[in-house]
Amino acid sequence: MSETLLSPVTLGSIELANRVVMAPMTRSRATAEGDVTDLMVEYYQQRASAGLIISEGIYPSENGKGYCRTPGLVTAAQVAGWKRVTDAVHDRGGQIVAQIMHCGRVTHTDNQAAGAETVAPSAITATGDMFTDTAGLQPFSEPRALRLDEIPSVVAEFGAATERAFAAGFDGVELHGTSGYLPAQFLSTGTNHRTDEYGGSVANRIRFIVEVLDAMVAVDGPGRVGMRICPNNPYNDLHDDDPVETFSTLLSSVADLSLAYLHVIRLYDTPDGPAIDNFDLARRNVDWPLVLNDGFEPDTAEAMLGSGSGAAVSFGRHFISNPDLVERIAAGAPLEPFNHKVLYTRGADGYTTYPTMDG
Ligand SMILES: Cc1cc2nc3c(=O)[nH]c(=O)nc-3n(C[C@H](O)[C@H](O)[C@H](O)COP(=O)(O)O)c2cc1C
Numbered sequence: 009m010s011e012t013l014l015s016p017v018t019l020g021s022i023e024l025a026n027r028v029v030m031a032p033m034t035r036s037r038a039t040a041e042g043d044v045t046d047l048m049v050e051y052y053q054q055r056a057s058a059g060l061i062i063s064e065g066i067y068p069s070e071n072g073k074g075y076c077r078t079p080g081l082v083t084a085a086q087v088a089g090w091k092r093v094t095d096a097v098h099d100r101g102g103q104i105v106a107q108i109m110h111c112g113r114v115t116h117t118d119n120q121a122a123g124a125e126t127v128a129p130s131a132i133t134a135t136g137d138m139f140t141d142t143a144g145l146q147p148f149s150e151p152r153a154l155r156l157d158e159i160p161s162v163v164a165e166f167g168a169a170t171e172r173a174f175a176a177g178f179d180g181v182e183l184h185g186t187s188g189y190l191p192a193q194f195l196s197t198g199t200n201h202r203t204d205e206y207g208g209s210v211a212n213r214i215r216f217i218v219e220v221l222d223a224m225v226a227v228d229g230p231g232r233v234g235m236r237i238c239p240n241n242p243y244n245d246l247h248d249d250d251p252v253e254t255f256s257t258l259l260s261s262v263a264d265l266s267l268a269y270l271h272v273i274r275l276y277d278t279p280d281g282p283a284i285d286n287f288d289l290a291r292r293n294v295d296w297p298l299v300l301n302d303g304f305e306p307d308t309a310e311a312m313l314g315s316g317s318g319a320a321v322s323f324g325r326h327f328i329s330n331p332d333l334v335e336r337i338a339a340g341a342p343l344e345p346f347n348h349k350v351l352y353t354r355g356a357d358g359y360t361t362y363p364t365m366d367g
């Protein structure tokens with residue numbers, strides 16, 4: 009079994025030993041200042057037999073930080089911290105991409121550094137709460153609408169973070185383009201009420217992401233740049249009137265960039281099944297390798313790849329509790345469940361404490 013899942017594949021200029029990708033997962037084990045901890049080095053090294061690890065969301069600027077104890081790629085100390093992670097993964101023969109995640113309005117100021125601001129395309133506060141270490145759950149902070157003249161500097165933050173990611177030894181970068189964060193806020197009609205060239209028509213709403221991808225690709229070409237999307241994702245109070253039109257326009261506009269990969273979430277666990285076939289939408293608009301995600305088991309992933317639907321499959325939750333997921337798939341061994349209660353807590357418990365098959 010799993011002949012395809014365990015076979016090598018190339019995404020852009022990143023060569024994977026197998027097609028089992030670790031999906032990006034925020035785990036809140038960084039310091040309050042966004043520095044990498046020893047635990048994080050150990051956690052990623054434990055999972056280095058993945059064909060590719062995609063890191064947890066990393067903020068590219070202080071304004072981009074949303075969640076407590078999430079890591080940044082802003083300071084020299086953060087670059088040095090991530091270098092320890094990438095070295096540890098490379099020492100085991102693995103590869104790791106940095107997911108660049110600017111949270112925009114999905115934040116609370118208590119989670120941000122002094123002087124940082126909550127910014128968004130429009131001054132529309134997200135409905136919902138954000139966990140803070142200071143006072144537990146608090147309503148999302150009210151964002152300030154970005155001025156037209158400052159958008160180029162926000163775009164440039166993604167290019168600068170890409171440079172720092174490569175300086176830190178990452179094998180690539182992935183733009184987080186979904187889940188209600190800043191790029192998705194620009195894209196979607198519910199969060200973008202701008203009347204300038206970054207809002208209104210779909211051609212205007214895609215402009216921010218197109219410029220961000222250009223900035224990321226400008227650093228070292230497209231071969232080490234990927235993007236993550238999930239059309240129709242309602243997460244973090246996101247709404248778009250016509251996700252098929254929005255994403256078809258976005259993808260066809262950037263298709264010529266020939267990125268290393270497109271990482272697509274299919275929204276598997278919805279009550280009536282997904283309203284849109286996101287894999288199909290992706291395939292119709294770009295010919296880049298697809299990394300498929302959401303709700304896969306080893307056998308369903310194998311069947312999906314066997315049908316030629318994608319280049320690789322990413323697993324999130326299974327990688328939390330099965331650091332040796334690749335070896336388990338190869339052996340046909342059972343997978344361990346994970347403990348929900350310690351997903352975002354401090355310390356090793358439920359983070360680096362899951363054993364391999366051999367104990
Ligand atoms: C604890 C946790 C944290 C997550 N953090 C991120 C994140 O930082 N960036 C992101 O793009 N997706 C994030 N996700 C979503 C996962 O990457 C993935 O899409 C999701 O778990 C579905 O895949 P699965 O069914 O294989 O678990 C997170 C998921 C979990 C469970």
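Under this note's numbering, the letters of the sequence shown match residues 9 to 367, in that order.
Where a beta carbon is used, it is the ideal one built from N, C-alpha and C, also for glycine.
Rounded separation between residue i and residue j - CA only
i	j	result
Pro-147	Leu-154	21 Å
Leu-13	Leu-313	7 Å
Thr-278	Ala-84	42 Å
Ile-273	Ser-260	18 Å
Pro-396	Arg-336	With the chain running from 9 to 367 in the structure shown, residue 396 is simply not present.
Val-93	Thr-203	43 Å
Asn-330	Pro-363	7 Å
Heavy atom of ligand 1 within 7 Å of residue i beta-carbon
i	result
Gly-65	yes
Gln-193	no
Ile-337	no
Thr-360	no
Met-138	no
Gly-355	no
Arg-325	yes
Leu-154	no
Arg-236	yes
His-184	yes
Ala-31	yes
Outcome for residue i when other beta-carbon atoms lying within 10 angstroms are tallied against a minimum of 16
i	result
Ser-209	exposed
Gly-234	buried
Arg-292	exposed
Ser-149	buried
Lys-349	exposed
Tyr-75	buried
Pro-129	buried
Proximity winner among the options, relative to residue i (alpha-carbon distances)
i	options	result
Ala-31	Phe-323, Leu-81 and Trp-90	Phe-323
Ala-290	Asp-280, Gly-303 and Thr-254	Thr-254
Val-82	Phe-174, Gly-102, Leu-24 and Val-29	Phe-174
Gly-102	Glu-23, Arg-236 and Asp-204	Glu-23
Asp-285	Ala-134, Thr-115, Ile-237 and Gly-177	Ile-237
Ala-122	Gly-112, Asn-347, Ile-132 and Lys-73	Lys-73
Phe-346	Gly-112, Tyr-359 and Ala-338	Tyr-359
Tyr-52	Val-29, Glu-219 and Ser-187	Val-29
Met-365	Leu-246, Val-334, Val-321 and Thr-353	Val-334
Pro-385	Val-294, Val-321 and Gly-198	Since the first residue of the chain shown is 9 and the last is 367, residue 385 is not available in this structure.
Gly-355	Arg-325, Glu-11 and Ser-36	Ser-36
8 Å Cβ cutoff, residue i in contact with chain B
i	result
Met-235	Given the protein chain composition of this structure (a single chain), no chain B is represented.
One or two residues paired with residue i in a DSSP bridge
i	result
Ile-237	Val-272
Met-138	Gln-146
Met-30	Ile-61 and Phe-323
Val-218	Its beta-bridge partners do not exist; DSSP assigns none.
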